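What follows is a short report on a single structure.
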DNA sequence: AAGATCCAGTCATACGTATTACGCCCAGGG
DNA sequence: CCCTGGGCGTAATACGTATGACTGGATCTT
């Protein structure tokens, strides 16, 4: 629908037999005590009849706002962030906001300042996913909500034993309950009888991976006879295959591999098969995230589902609240353990 | 970077010692014969010094434009469209355009009119992917470019034998060379010695899938002794597994399964394994698209790589050209056959 | 009854830009 | 010497909205 020919508030005013100001007052919702209910009703009727939609450009100019928020994500090609964007954009659109995306440049680990380029458009707020709050750099002046960035994003925040943040000063956050998710995996595996567990960890400096490692280590340490080995890799199949291979070839081979990501689990499958190990009878494997890949693998992958689209939606809701002057409470979205076919009790005599 | 405090063209004018009009003239590039080169230079210097960025809201209001384009895609959760968006948004941002996304509603196959909701914001143009031009419905009045929609999108267009469109009236298009890609797959398989080929086709009414089916059928028909069977499914693993199973259980079992999508190929793997067939020694399998999944599967999948991000970028380039009054020529982006480990010569005595 | 208060709206204005119409100055032509 | 015209730039304006200042009449207060 192009812009030309669209009815303006002046057209609505003419139709309703009032002035443009009145239309603006009524449709802006600030007419209590200024316009009679009857007039307001007739204005709304006229607007409806003409299909009036306010001109955002004019509104933005007048209000000094852009009704645009910036979504900062590491990348959009990874299967995880598409849904995050979708959820955020859906909520934003419902409130007349647009979303522009800025992705982490390929030459990451850049200077001390923010590695993000300044967006061409001015923006009202920032939704930043999967990064430390310091990374915002010069953007810290702009209202922001951090997603999947952990309680450290809150200045002075502290974390209770259960992993739920108890202090909510500073930047609002929306996180996944990854620690709980990892505990669920650990519980599932130990419940099956596993004691020697290998962790194929993502060598990525993000809160979510630190939290996963910490939760798993704690869970295994608390288990009598529990023993954890660890190897790190990039989040791609070949790197993951190597890392998993190192664990499988090491002394005291683990009976289960806990992977930080579904894609890493795919690499673990390959390492296992290359060594003639069957999943799950010889080796249990778990993933994390539950992306499309999880059920495409064979056997289908036991993993933790993270509601990525919900993360985007909740984050945008919080940001809009913040922009409206609110003080959104931090939220934690629980992950859900999805048990499929990649986990089983360890072979007799090897556990 | 928030809006408040940003320098305006008036500030630049003051800094350069000229009027606001002159600044606008110079920075708008239409100053030939109206402003002296010296003055123009000093204006540009002042703008640079102050870090001036024009206020898009004001510009949009003045010009009656929005500098926003609508990207219509079936979904953003499928791994294929993330990159399309990325490519489109990158090019758009470089020209000061934003991109809003509209996805096909879940209750697809709706009324005769376009199933897309009207966007909240007014838009300047449309980039529509993977749909028939008729689907645009009431949006046809808006300048649009069709992606991955086939030559049918061009009114009165015709297609030469090689699959390259020769007429370019009507809506500009950017397509993949899927027919060539499918021919490459067919050539690869028949070169290995396969004669009985099964096609696990996506039951999706999109040009790209019709083109794939047509090209494969023609290629097999042209082959002495070639025999093609066919089964259709939705683009998900379980549906694909069933469809592939029907072909494998049928008479005269094929030695190779050509799948319309990498995800479908994952289903074919499962059908094969469920029947004790090894890929590739007992059964060759090919995919299409080359998404992340292709190398996560085991064996790694022979497939055709489609440059999705490039599709978005080229499409946006064409749309911006169109909006600037140009008449962009149709483009076809070639697919590339990626031979991996899921294809081999048929077992002796079964070919 | 006369001023004060309130109701129900309207007027005027500013946001920052692009553009049209106009003005000043100097050189050149008749 | 006056008129013309080109070169260089400015004043004025409109885009559509939101909102503070204002107004005419009705109601209330004492």
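Residue numbers (this note's numbering), protein chains in the order written: chain A, 6 to 356; chain B, 6 to 356. Note that beta-carbon positions come from the ideal geometry of N, C-alpha and C, so glycine has one too. Note that the structure is predicted; figures quoted are calculated from it, not measured.
Handout entry: Residues bridged to residue 343 (chain A) (per DSSP)
Key = Here residue 343 (chain A) corresponds to residue number 338 of the first chain, with the count starting at 1. BP columns for residue 343 (chain A) point to A:308.
Practice task
Return the residue from the list A:334, A:278, A:344 that minimises the CA-CA distance to residue 151 (chain A).
Solution key: Stepping through the first chain from its first residue, residue 151 (chain A) is reached at position 146. Minimum Cα distance to residue 151 (chain A) is reached at A:334.
Practice task
Compare the C-alpha of residue 11 (chain A) against each of B:69, B:31, B:77 and name the closest.
Solution key: The residue you call residue 11 (chain A) lines up with position 6 of the first chain. Nearest C-alpha to residue 11 (chain A): B:69.
Practice task
Identify the continuous alpha helix (DSSP H) that holds residue 329 (chain B) and give its terminal residues.
Solution key: Here the question's residue 329 (chain B) lines up with position 324 in the second chain. Where residue 329 (chain B) is concerned, there is no enclosing alpha helix (DSSP H), because DSSP gives it neither an H nor an E.
Handout entry: CB contact below 8 Å: residue 306 (chain B) versus chain A
Key = The count along the second chain starts at 1 and reaches residue 306 (chain B) at position 301. At a cut-off of 8 Å between beta-carbon atoms, residue 306 (chain B) makes no contact with chain A.
Handout entry: Within chain B, partners of residue 298 (chain A) - CB distance below 8 Å
Key = Looking up residue 298 (chain A) in the first chain gives position 293. In chain order: 297, 298, 301.
Practice task
Going by CA-CA distance only, name the one from A:14, A:129, A:49 that's closest to residue 65 (chain A).
Solution key: Residue 65 (chain A) sits at position 60 when you count from the first residue of the first chain. Comparing Cα positions, the closest option is A:129.
Practice task
Check residue 77 (chain A) in the structure and name its three-state DSSP category.
Solution key: Within the first chain, the letter at position 72 stands for residue 77 (chain A). DSSP places residue 77 (chain A) in strand when its eight states are reduced to three.
Handout entry: chain A residues whose Cβ lies nearer than 7 Å to that of residue 90 (chain B)
Key = Here residue 90 (chain B) is taken as the residue at index 85 of the second chain, counted from 1. Against chain A, a Cβ distance below 7 Å from residue 90 (chain B) picks out 81.
Problem - With 16 other Cβ atoms within 10 Å as the buried cut-off, status of residue 35 (chain A) - result: Position 30 of the first chain, counted from the start, is the residue given in the question as residue 35 (chain A). Looking at its Cβ environment, which holds fewer than 16 other Cβ atoms inside 10 Å, residue 35 (chain A) is exposed.
Practice task
Mind checking who residue 261 (chain B) pairs with in its DSSP beta bridge?
Solution key: In the second chain, the residue the question calls residue 261 (chain B) occupies position 256. Its beta-bridge partners are B:202, B:289.
Exercise for the section: Using a Cβ cut-off of 7 Å, pull out every chain B residue sitting near residue 340 (chain A), in sequence order please. Expected result: Numbered from 1 along the first chain, position 335 holds the residue referred to as residue 340 (chain A). What residue 340 (chain A) touches in chain B: nothing, since even the nearest Cβ is about 18 Å away.
Handout entry: Three-state secondary structure (DSSP) of residue 131 (chain A)
Key = Translated into the one-based positions of the first chain, residue 131 (chain A) becomes position 126. Looking at residue 131 (chain A) - three-state DSSP - the assignment turns out to be strand.
Handout entry: Buried/exposed call for residue 54 (chain B), threshold 16 Cβ in 10 Å
Key = Within the second chain, residue 54 (chain B) is the residue found at index 49, counting from 1. Classification of residue 54 (chain B): exposed, given that the 10 Å Cβ count is below 16.
Problem - As assigned by DSSP and simplified to three states, the class of residue 234 (chain A) - result: Against the first chain, residue 234 (chain A) aligns to sequence position 229. When DSSP states are grouped into helix, strand and coil, residue 234 (chain A) belongs to the strand group.
Practice task
Ignore the nearest five residues each way along the sequence and tell me which others in residue 244 (chain B)'s own chain have a CB closer than 8 Å to its CB.
Solution key: Sequence index remark: in the second chain, residue 244 (chain B) carries index 239 (1-based). Counting only Cβ-Cβ distances below 8 Å, and skipping sequence neighbours, we find 238, 272.
Problem - Test: residue 73 (chain A) CB closer than 8 Å to a CB of chain B - result: Taking the first residue of the first chain as 1, we reach residue 73 (chain A) at position 68. Taking Cβ atoms only, chain B reaches closer than 8 Å to residue 73 (chain A), which makes this a yes.
Handout entry: Reduced DSSP category for residue 151 (chain B) - H, G, I as helix; E, B as strand; rest coil
Key = Taking the second chain and counting its residues from 1, the one referred to as residue 151 (chain B) is at position 146. Of the three classes helix, strand and coil, the one that applies to residue 151 (chain B) here is strand, per DSSP.
Practice task
With DSSP collapsed to three states, give me the class of residue 348 (chain A).
Solution key: Mapped onto the first chain, residue 348 (chain A) falls at position 343. Residue state, collapsed to three classes: coil.
Handout entry: Own chain partners of residue 326 (chain B) with C-beta closer than 6 Å, once the 5 adjacent residues on each side are dropped
Key = Start at 1 with the first residue of the second chain, and residue 326 (chain B) comes out as number 321. Closer than 6 Å at Cβ, skipping near neighbours: 333.
Problem - Helix, strand or coil at residue 283 (chain B) according to DSSP, with G and I counted as helix - result: As a position in the second chain, residue 283 (chain B) is number 278, starting the count at 1. Residue state, collapsed to three classes: coil.
Exercise for the section: State buried or exposed for residue 254 (chain A), treating a residue as buried only when at least 16 other CB atoms are found within 10 Å of its CB. Expected result: Here residue 254 (chain A) refers to the residue found at position 249 of the first chain. Residue 254 (chain A) is exposed by the Cβ-count criterion.
Exercise for the section: Say whether chain A places a C-beta atom closer than 8 Å to the C-beta of residue 215 (chain B). Expected result: Taking the second chain and counting its residues from 1, the one referred to as residue 215 (chain B) is at position 210. Answer no: the Cβ-Cβ gap between residue 215 (chain B) and chain A never drops below 8 Å.
Practice task
Using a cut-off of 7 Å between C-beta atoms, extract the partners of residue 78 (chain A) located in chain B.
Solution key: As a first step, residue 78 (chain A) is located in the first chain; it is residue number 73 there, counting from the start. The contact set of residue 78 (chain A) on chain B, defined by CB atoms closer than 7 Å, is empty, because the minimum CB distance reaches about 10 Å.
Problem - Member of B:222, B:49, B:278, B:136 whose CA lies at the smallest distance from the CA of residue 192 (chain B) - result: Here residue 192 (chain B) refers to the residue found at position 187 of the second chain. The alpha carbon of residue 192 (chain B) has as its nearest neighbour, out of B:222, B:49, B:278, B:136, the alpha carbon of B:222.
Practice task
To the nearest angstrom, report how far apart residue 141 (chain A) and residue 89 (chain B) are at their CA atoms.
Solution key: If you number the first chain from 1, residue 141 (chain A) lands on position 136. If you number the second chain from 1, residue 89 (chain B) lands on position 84. Annotation: residue 141 (chain A) to residue 89 (chain B) spans about 27 Å, alpha carbon to alpha carbon.
Exercise for the section: Starting from residue 105 (chain B), trace the beta strand (DSSP E) both ways and give me its first and last residue. Expected result: For this step, residue 105 (chain B) is matched to residue 100 along the second chain. According to the DSSP assignment, residue 105 (chain B) belongs to the beta strand (DSSP E) that extends over 103-108.
Exercise for the section: Provide the residue span of the beta strand (DSSP E) that contains residue 178 (chain B), from first to last. Expected result: Translated into the one-based positions of the second chain, residue 178 (chain B) becomes position 173. Here the beta strand (DSSP E) through residue 178 (chain B) covers 178-182.
Exercise for the section: Kindly indicate if chain A contains any beta-carbon less than 8 Å away from that of residue 331 (chain B). Expected result: By one-based count along the second chain, residue 331 (chain B) stands at place 326. For residue 331 (chain B), no CB of chain A lies under 8 Å from its own CB, so it is not counted at the interface with that chain.
Practice task
Check the Cβ-Cβ distances between residue 84 (chain B) and every residue of chain A, and say whether any is below 8 Å.
Solution key: The count along the second chain starts at 1 and reaches residue 84 (chain B) at position 79. Put simply, the CB of residue 84 (chain B) is near chain A, with a gap under 8 Å to one of its CB atoms.
Practice task
List the DSSP bridge partners of residue 336 (chain A).
Solution key: Numbered from its first residue, the first chain carries residue 336 (chain A) at position 331. Answer by DSSP bridge pairing, in chain order: A:179.
Handout entry: Distance CB(residue 87 (chain B))-CB(residue 316 (chain A)) smaller than 8 Å
Key = For this step, residue 87 (chain B) is matched to residue 82 along the second chain. For this step, residue 316 (chain A) is matched to residue 311 along the first chain. No. Outside cutoff.
Exercise for the section: Using a threshold of 8 Å, state whether the C-beta atoms of residue 30 (chain B) and residue 40 (chain B) are closer than that. Expected result: Position 25 of the second chain, counted from the start, is the residue given in the question as residue 30 (chain B). Position 35 of the second chain, counted from the start, is the residue given in the question as residue 40 (chain B). Contact flag set, yes.
Handout entry: alpha helix (DSSP H) segment containing residue 243 (chain A), residue limits
Key = Position 238 of the first chain, counted from the first residue, corresponds to residue 243 (chain A). Going by DSSP, residue 243 (chain A) is part of the alpha helix (DSSP H) stretching over 242-254.
Handout entry: Against chain A: residues of the segment 260-283 of chain B by CB proximity under 7 Å
Key = Listed by position, the residues of the segment 260-283 of chain B near chain A (Cβ gap below 7 Å) are 268, 271, 274, 275, 278.
Handout entry: Runs of alpha helix (DSSP H) lying entirely within the segment 16-42 of chain B, each at least 4 residues, in chain order
Key = Taken in chain order, the unbroken stretches of alpha helix (DSSP H) that lie wholly in the segment 16-42 of chain B and span 4 residues or more are 25-33.
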